[in-house]
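Its first residue numbered 1, the sequence shown is counted upward by one per residue in UniProt numbering.
Below is one structure; the comments refer to it alone.
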Amino acid sequence: MSSLCWSKTHVGVAECNEETGPHTIKMSFLVIGNIFFSLTVNGNRNFTSMTILEKYKVGKVIGDGNFAVVKDCVERSTGREYALKIIDKAKCAGKEHLIENEVAVLRRVKHPNIIMLIEEVDTPTELYLVMELVKGGDLFDSITSSTKYTERDASVMVFNLAGALKYLHRMSIVHRDIKPENLLVCENPDGTKSLKLGDFGLATVVEGPLHTVCGTPTYVAPEIIAESGYGLKVDIWAAGVITYILLCGFPPFRSENNLQEDLFDQILLGRLEFPSPYWDNISMSAKELIGQMLQVNVEARYTAEDVLTHPWVTLGDVLENNMKIEVTGKLKKHFNNMPKQNNTSAGVAVIMVSVQTHTHVHTHTHSHTHTHTC
Numbered sequence: 001m002s003s004l005c006w007s008k009t010h011v012g013v014a015e016c017n018e019e020t021g022p023h024t025i026k027m028s029f030l031v032i033g034n035i036f037f038s039l040t041v042n043g044n045r046n047f048t049s050m051t052i053l054e055k056y057k058v059g060k061v062i063g064d065g066n067f068a069v070v071k072d073c074v075e076r077s078t079g080r081e082y083a084l085k086i087i088d089k090a091k092c093a094g095k096e097h098l099i100e101n102e103v104a105v106l107r108r109v110k111h112p113n114i115i116m117l118i119e120e121v122d123t124p125t126e127l128y129l130v131m132e133l134v135k136g137g138d139l140f141d142s143i144t145s146s147t148k149y150t151e152r153d154a155s156v157m158v159f160n161l162a163g164a165l166k167y168l169h170r171m172s173i174v175h176r177d178i179k180p181e182n183l184l185v186c187e188n189p190d191g192t193k194s195l196k197l198g199d200f201g202l203a204t205v206v207e208g209p210l211h212t213v214c215g216t217p218t219y220v221a222p223e224i225i226a227e228s229g230y231g232l233k234v235d236i237w238a239a240g241v242i243t244y245i246l247l248c249g250f251p252p253f254r255s256e257n258n259l260q261e262d263l264f265d266q267i268l269l270g271r272l273e274f275p276s277p278y279w280d281n282i283s284m285s286a287k288e289l290i291g292q293m294l295q296v297n298v299e300a301r302y303t304a305e306d307v308l309t310h311p312w313v314t315l316g317d318v319l320e321n322n323m324k325i326e327v328t329g330k331l332k333k334h335f336n337n338m339p340k341q342n343n344t345s346a347g348v349a350v351i352m353v354s355v356q357t358h359t360h361v362h363t364h365t366h367s368h369t370h371t372h373t374c
């Protein structure tokens, strides 16, 4: 699912809005590095596709998008599996800044809950990104395919997400597009699961208040909609929305008429409810945490570190009730109206994929209206 940049006009229609101000350019180039297509990883500068074919055995397509395709691959010398994203430069003309942002951030970060960039190969016509392969699907896929799902499972996922956000925020990096499609589930050898955060196309370094209106509306923070300037805590708001959904299967703020303007009004009000019977068997500790993450007052809103130290996240205050049937039923009702692109199983989000995805800002999706990708 692609990331968006959008803004409200006087008639309430969303339009593309790119981050082109000098402040953003400074962040992209002074903080992150040189122009993207001249940079390297681990000191390796490669310029032909033969380099990839010699080093990796490339397999089947596991994801595709408007200007990228993802294939599985195996490193010939070690037998290790990876995901190979192949970006067609001709198809992404004008969108280079999204790729630059994602790859530049991935070069800087190394965390167990963030998708790892292994290597990149730059050619005149394509860019090849060798990335960590995650086979468990996205967050919602993992829940719907599981045999059992409890509060403890949800708390582990929130713990993983908060850990990734704490790491990024300490580097003054804001993700700006935290959503289930960008949270991939790793199935560990011991049977446990962990999250991997991907798709850094909207990520940027925070040196002062940001003003670009961007993200995915279901998960967007009120200060973004209000255009009052925002920072790192927009990621915490989005994580709070996801935590709410993990425990009941539907979002905390939604429009009964599927109108984006109505959705925004609900988010700006921030009136949080835990309706019966869906929340009757959920712990008070979970509700308290969500309330702290979804504070409209940015100063009062939790930080990632606050989330990590909350009793519900530290596993001391959760219930073991099996929520599988209730949550998956609501997930399918609220988020599976349209077929998803097969991109999340690739272990890397394909930038600018088709709009035929389940939480994109379009008239056929839940609680949203028209917008344009940028």
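Note that CB positions come from ideal geometry on N, CA and C, so glycine has one too.
- Rounded to whole angstroms, residue 323 and residue 52 show a C-alpha spacing of 44 Å.
- Beta-bridge partners assigned by DSSP to residue 150: 322.
- In the DSSP assignment, no residue is bridged to residue 155.
- A residue is called buried when at least 16 other Cβ atoms come within 10 angstroms of its Cβ; residue 106 meets this threshold and is buried.
- Judged by DSSP in its simplified three-state form, residue 235 adopts helix.
- Counted as a single uninterrupted DSSP element, the beta strand (DSSP E) harbouring residue 72 occupies residues 68–75.
- Given a length threshold of 4 residues, each whole run of the alpha helix (DSSP H) inside the segment 105–152 is given here in chain order: 139–145.
- Annotation: the continuous alpha helix (DSSP H) that includes residue 305 extends over 304–308.
- Scanning the segment 272–297 for uninterrupted alpha helix (DSSP H) segments of 4 residues or longer gives 284–293, listed from N- to C-terminal end.
- Going by DSSP, residue 64 is part of no alpha helix (DSSP H) but of the beta strand (DSSP E) stretching over 56–64.
- Per the coordinates, the alpha-carbon of residue 154 lies some 26 Å from the alpha-carbon of residue 268.
- Under the 10 Å beta carbon count, residue 148 is surrounded by fewer than 16 other beta carbons and is classified as exposed.
- By the beta-carbon neighbour count (other beta carbons within 10 angstroms, threshold 16), residue 301 is buried.
- For residue 245, same chain residues with a beta-carbon under 6 Å away, outside a window of 5 residues either side, are 251 in chain order.
- Under the three-state reduction of DSSP output, residue 96 falls in the helix class.
- Between residue 87 and residue 127, the C-beta gap is smaller than 7 Å, which places the two residues in contact.
- Taking residue 175 as reference, the option from 144, 104, 143 with the minimal CA-CA separation is 104.
- Residue 330 carries a helical assignment under DSSP once its states are collapsed to helix, strand and coil.
- Under the three-state reduction of DSSP output, residue 179 falls in the coil class, being neither helix nor strand.
- Between residue 166 and residue 219, the C-beta spacing is not below 7 Å.
- Per DSSP, the continuous beta strand (DSSP E) segment holding residue 81 begins and ends at 81–88.
- The segment 184–194 makes no contact with the segment 207–216; the number of CB pairs closer than 8 Å stays below 3.
- Taking the Cβ atoms as the reference, residue 260 lies roughly 6 Å from residue 217, within the contact range of under 8 Å.
- Nearest to residue 115 by C-alpha distance, out of 132, 325, 123, 124, is 132.
- The C-beta separation of residue 270 from residue 247 comes to about 18 Å, leaving the pair out of contact by the 8 Å criterion.
- Residue 290 counts as buried, since at least 16 other C-beta atoms from the protein chains shown sit within 10 angstroms of its C-beta.
- Taking 7 Å as the cut-off, the Cβ atoms of residue 97 and residue 304 do not count as close.
- Only residues of its own chain outside the window of five on either side were considered, and among them 234, 237 have a CB closer than 6 Å to the CB of residue 221, listed in chain order.
- The three-state secondary structure of residue 218, taken from DSSP, is helix.
- Residue 204 sits in a strand when the DSSP states are folded into three classes.
- DSSP lists 194 as the beta-bridge partner residues of residue 186.
- In the DSSP assignment, residue 263 falls within the alpha helix (DSSP H) that extends over 260–269.
- In this structure residue 90 is exposed. Its beta-carbon is surrounded by fewer than 16 other beta-carbon atoms within 10 angstroms.
- In the displayed model, residue 210 falls within a strand according to three-state DSSP.
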